[in-house]
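Per my numbering, the very first residue in the sequence shown carries number 14; after that it's consecutive.
Beta carbons: idealized from backbone N, C-alpha and C, even for Gly.
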Amino acid sequence: MRIIFKFLTIFIFLGLTSFSVDANTEEQFELYGTVYLSSHPLANAHIKLQNSDTGHHVSETYTNVDGRYTLPISPGTYRLLVTPPEGLNIEPVVINNIQITDSDLQQNVILLSAAQELSASVLGLNELPIENASISVFTKGRESLITSLTADSQGEFTIALTPGDYLLSIRFRQQSHLG
């Protein structure tokens, strides 16, 4: 009878400890999103998460080929640093005061590249300049007009555009050189 009693006591003790809950365990959530360069997903961007109060590093990752990232996160206030891959000449972005309270959070990031100047000349037959040509710049699929401008008397124009694919439409009046 004593052997059964000891076995029963050990079983009850082990059973009770297996159901204990650690009160210090914090709930885990996910901070996730997509990083875009203009309107295109950006792969290999470095994502770093810092505690806003202490500045301490919490977690980091890189975006996948679809520009997506996911970081495990506990409730708190954070700072997200997004650094584009080298060679893109784009400044890192900092997003402050990301609040995590009781659920996952989606935080998409759009990086805008600095505009670069495009200088060109509108030339006609025999490479003669076409003065006052009207230039319209559209998105690649011609979904929307970005800007319009007029070439000078030498057919030259300069425009600032962010890197990307564009469609230029050039219109001009045929000039008569009759005397």
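Within the same chain, Glu43, Leu44, Tyr45 and Thr74 come within 8 Å of Thr83 by CB-CB distance, once the 5 residues on both sides are set aside.
Ile172 and Gln63 have their C-alpha atoms roughly 39 Å apart. With a 10 Å radius around the Cβ and a threshold of 16 neighbouring Cβ atoms, Leu158 comes out exposed. Secondary-structure assignment with DSSP links Phe151 through a beta bridge to Leu158 and Leu180. Residue Val122 holds the alpha-carbon nearest to the alpha-carbon of Gly80 among Val122, Thr175, Phe151 and Asn102. Residues Glu39, Glu40, Gln41, Phe42 and Ile113 of the same chain have their beta carbon placed closer than 8 Å to that of Ser87, with the five preceding and five following residues left out of the count.
In the DSSP secondary-structure assignment, Gln112 is bridged to Thr90. In the structure shown, Glu39 adopts coil according to DSSP, grouped into three states.
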